[in-house]
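K.L.:
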Amino acid sequence: MDQLDKFKKEWQTREQELPKVSFNDIYKMLLKKSSSIVKWIFIISVAELLFWIGLYFIIPEENMILMHEMGIGEILYYANIFHFAVFGLFIFLFYKNYQSIQVTDNTKMLMKNILNTRKTVRYFVIYNIGMFIVSSIVVDSFFYNNSNKLYNAMDFASKGVPKENFANVFIIAQVLVGVAVIGLLILFYWLVYGILLKRLNTNYKELQKMEN
Amino acid sequence: MNKELEHRFVKELEQNQNIVHKICRLYTHDQDSHNDLFQEITIQLWRAFPKFRGDSKFSTWMYRVALNTAITLYRKSKRQISTQDFEGVSFKIKSEEYDDTTEQQLKLMYGAVKKLNDIDKALVFLYLEDKSYREISDTLGITEVNARVKMNRAKEKLRKILNP
C-alpha cells in the first residue's frame with residue numbers, strides 16, 4: 261500500500277475539522293453576486309464589441325465629407341455595410357458560445373467553451389485591427405497618389421502648409437499614428453489575456469496533454 | 365425563484381457542505397479566500413440547481429460544479445498569492461489513538477497534495493473521496509484509461525515531493 265492509499269484510509273475514516281456555515285448564512289449567499297471569470301469575460305467582451313462598433317459612430321463628419329470629396333465615399337459606404345454584417349455575425353457567435361458555458365459540463369468541456377467564447381472576441385479584434393491596417397494602407401496610398409487633390413480638399417494652402425514634401429510628411433504622420441495605435445492595442449490585449457486567462461489556459465493544456 | 369426550491373437547495377447544501385469545504389481548503393491558502401470560494405461555489409450551485417434533475421445524488425452533482433468553480437471559474441485574489449499556507453488539514457483526533465508520527469505524516473501528505481497543479485489536485489481529491497475512475501473521468505472530461513495513467517503520475521509526483 262503506497263503513501264497515498266494510507267492517506268486515503270485516514271481521509272475516509274477520520275472526520276476533518278471543517279467550518280460549518282449555517283442555514284441562514286447559506287441563504288444570504290444566494291443573494292450575493294458572482295465574481296467568476298465568466299462574468300469578467302462577458303463584461304470585457306461586451307465592452308470590446310461596443311468599443312469597436314462605437315468607433316464607427318464617432319468618426320467626425322468632416323472626415324466623411326473629405327472622403328466624398330476625394331471620390332471614395334461610395335466605396336466606404338459599401339465597406340461599412342460589410343463591416344456591420346460582420347459585426348452582426350460576431351455578436352451572434354459570441355452569444356451562442358457564451359450560452360454554451362455550463363458549469364454542469366465536465367471540466368474539459370467547460371474550459372473549451374469558455375476559451376471558444378473568448379476566441380470569438382479575439383478573432384473579432386484581429387479582424388478589426390486587420391481591417392484598420394488594410395484600410396489605412398489602401399486609403400493612404402490613394403491619398404499619396406492623389407496628394408494634390410487632398411491638398412486642395414483639406415484646404416492646406418489657407419492653413420499655411422507648404423505644398424512641397426506635403427505628401428511625404430502626411431504619409432509619415434499617418435504611419436506613425438497607425439503604428440502607435442496598433443502598439444497600444446496589442447499591449448492592452450496582451451495584458452488582458454495574460455491576467456485573465458493564464459490559469460485557464462494552463463489547466464486546459466494540462467487536460468489536453470493527457471489525451472495526446 | 366420559488367421559496368420551496370430555495371429552501372430545498374439550502375437544506376441540501378447545508379447537509380453536504382463538507383464536500384465544498386474540503387475543495388475550498390485544497391484550492392485556497394487562507395481563510396478569506398476559503399470563504400470567497402465557498403460563496404462562489406454556492407452561487408454557481410444555486411444557478412445550476414433548477415436544472416438538477418435528481419437522476420444522480422445531490423452530492424455527486426455537487427462535486428462537478430464545485431470542482432469546476434474551483435479550477436475554472438474562480439479568480440484567485442491578490443492576497444491569496446502573497447500569504448503563506450495556513451494550517452492545512454486538521455483531522456479530529458480521538459485521544460486514545462493519538463499518534464504524533466501519523467499526524468505528522470498526514471500533514472506532510474496533505475501539504476504535498478496542495479502543491480500539485482489544479483488538475484492533478486482534482487484527480488487526487490476525487491480519488492481520496494473514493495470516486496471510481498469512471499466518475500473521475502466523467503467529471504474531468506477525460507477517458508478512463510487516461511484518468512488511471514494520470515493518477516499514477518500524480519502518485520509519482522507526490523512521492524517525489526515527499527522524498528526529494
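Protein chains in written order, with the numbering used here: chain G, 261 to 472; chain P, 365 to 528.
Quick reminder that beta carbons are idealized off the backbone N, C-alpha and C, glycines included.
1. Pair every Cβ in the region 268-285 of chain G with every Cβ in the region 506-522 of chain P, then say whether three or more of these pairs are closer than 8 Å.
2. List the residues of chain G whose Cβ lies closer than 9 Å to the Cβ of Q468 (chain P), in chain order.
3. Measuring CA to CA, which of G:V306, G:D265 and G:K419 is closest to R382 (chain G)?
4. For K368 (chain G), go through chain P and note every residue whose CB falls closer than 9 Å to its CB, in chain order.
5. Cα separation between K479 (chain P) and Q468 (chain G)?
6. List the whole-angstrom C-beta distance separating T424 (chain P) from L377 (chain P), where the pair is believed to meet the contact cut-off of C-beta under 8 Å.
7. For the alpha helix (DSSP H) containing K495 (chain P), list its first residue and its last residue.
8. Once DSSP output is grouped into helix, strand and coil, what is the label at Q276 (chain G)?
9. Going by Cα to Cα distance, which pick from P:R428, P:Q379 and P:N382 is closest to I500 (chain P)?
10. Comparing alpha-carbon positions, which option in P:Q469, P:T465, P:L431 and P:N481 lies nearest D502 (chain P)?
11. On the criterion of 16 or more Cβ atoms from any shown chain inside 10 Å, does H371 (chain P) qualify as buried, or is it exposed?
12. At a CB-CB cut-off below 7 Å, which residues of chain P make contact with V306 (chain G)?
13. Please specify which runs of the alpha helix (DSSP H), each continuous and at least 4 residues long, are wholly inside the region 266-312 of chain G, giving them in chain order.
14. Give the interface partners of K415 (chain P) over in chain G, defined as CB-CB distance under 9 Å, in chain order.
15. Assign F317 (chain G) to one of two classes, buried (16 or more other C-beta atoms within 10 Å of its C-beta) or exposed (fewer than that).
16. Measuring only between beta-carbons, confirm whether Y497 (chain P) sits less than 8 Å from chain G.
17. So L437 (chain P) and V452 (chain G) are supposed to be a Cβ contact under 8 Å. How far apart are they, rounded?
18. Can you look up P414 (chain P) in the DSSP assignment and give me helix, strand or coil?
19. Output needed for I361 (chain G): all residues of its chain with C-beta closer than 8 Å, excluding positions within five of it in sequence on either side, in chain order.
20. Using C-beta distances below 8 Å, list every residue in its chain close to F426 (chain G), excluding the 5 sequence neighbours before and after it, in chain order.
21. Please state if the CB of L526 (chain P) and the CB of L487 (chain P) are separated by a distance shorter than 8 Å.
22. Below 8 Å on the Cβ atoms is my guess for D494 (chain P) versus Q263 (chain G); work out the distance and round it to an integer in Å.
23. Taking I313 (chain G) and F347 (chain G) to be in contact with their CB atoms under 8 Å, please state how far apart those CB atoms are, rounded to whole angstroms.
24. Within 8 Å of any Cβ in chain P, is that where the Cβ of N425 (chain G) sits?
25. Can you give the Cα-Cα distance for S446 (chain P) and L447 (chain G), rounded to whole angstroms?
26. Q272 (chain G) touches chain P at which residues, Cβ-Cβ below 7 Å?
27. Which class does Y316 (chain G) belong to by DSSP, given the choice of helix, strand or coil?
28. Measure from the C-beta of K268 (chain G) to each C-beta in chain P and report whether the shortest distance is under 8 Å.
29. I need the DSSP call for H371 (chain P), collapsed to helix, strand or coil.
30. From which residue to which residue does the alpha helix (DSSP H) around N376 (chain G) run?
31. Just how far apart, CA to CA, sit F450 (chain P) and D396 (chain P)?
32. How would you call F344 (chain G), buried or exposed, if buried means at least 16 neighbouring beta carbons within 10 angstroms?
33. Closer than 8 Å, CB to CB, is R443 (chain P) near chain G or not?
34. Taking 8 Å as the CB-CB cut-off, is Y427 (chain P) touching chain G?
35. State yes or no: is the beta carbon of L375 (chain G) nearer than 8 Å to at least one beta carbon in chain P?
36. For the alpha helix (DSSP H) that contains Y438 (chain P), what are its first and last residues?
P.N.:
Well, looking at it:
1. no
2. Result: empty, since nearest Cβ-Cβ is about 12 Å, beyond 9 Å.
3. G:V306
4. Against chain P, a Cβ distance below 9 Å from K368 (chain G) picks out L504, G505 and I506.
5. Separation of K479 (chain P) and Q468 (chain G) (C-alpha to C-alpha, rounded to the nearest whole angstrom) is 21 Å.
6. Going by Cβ atoms, the distance from T424 (chain P) to L377 (chain P) rounds to 14 Å, so no, they are not a contact pair.
7. Taken as a continuous stretch (DSSP letters only), K495 (chain P) belongs to no alpha helix (DSSP H), as it is neither H nor E.
8. strand
9. Nearest in C-alpha terms to I500 (chain P), of all of P:R428, P:Q379 and P:N382, is P:R428.
10. P:L431
11. exposed
12. Contact note: V306 (chain G) does not reach chain P at a C-beta cutoff of 7 Å; the least C-beta distance is about 18 Å.
13. 283-289
14. Chain order gives the chain G residues near K415 (chain P) as Q362 and T364, where near means a beta carbon separation below 9 Å.
15. exposed
16. Residue contact with chain G for Y497 (chain P): absent (no Cβ-Cβ distance below 8 Å to any residue of chain G).
17. In fact, because the Cβ distance is near 18 Å, the residues do not count as touching under 8 Å.
18. helix
19. Apart from sequence neighbours up to five positions away, the residues of its chain that approach I361 (chain G) with a beta-carbon distance below 8 Å are V298, L370, N373, I374 and T377, ordered along the chain.
20. S407, Y411 and F416
21. No.
22. So it is not a contact: roughly 17 Å between Cβ atoms.
23. 6 Å
24. no
25. Low confidence applies here, because S446 (chain P) scores a pLDDT of 41, under 50, leaving its location unreliable; read the following figure in that light. One C-alpha to the other measures close to 26 Å.
26. D494
27. coil
28. yes
29. helix
30. From DSSP, the alpha helix (DSSP H) with N376 (chain G) extends over T367 to N405.
31. Model confidence at F450 (chain P) stands at a pLDDT of 49, short of 50, so the residue's coordinates are unreliable; what they give is reported in the following sentence. Each residue's Cα considered, the two are about 11 Å apart.
32. Under this definition F344 (chain G) is an exposed residue.
33. Since pLDDT at R443 (chain P) reaches only 46, below the 50 mark, its modelled position is unreliable, and the value read off the structure follows with that caveat. No, because no Cβ of chain G sits closer than 8 Å to the Cβ of R443 (chain P).
34. no
35. So no, L375 (chain G) is outside the interface.
36. First-last for Y438 (chain P): undefined, no H or E at that position.
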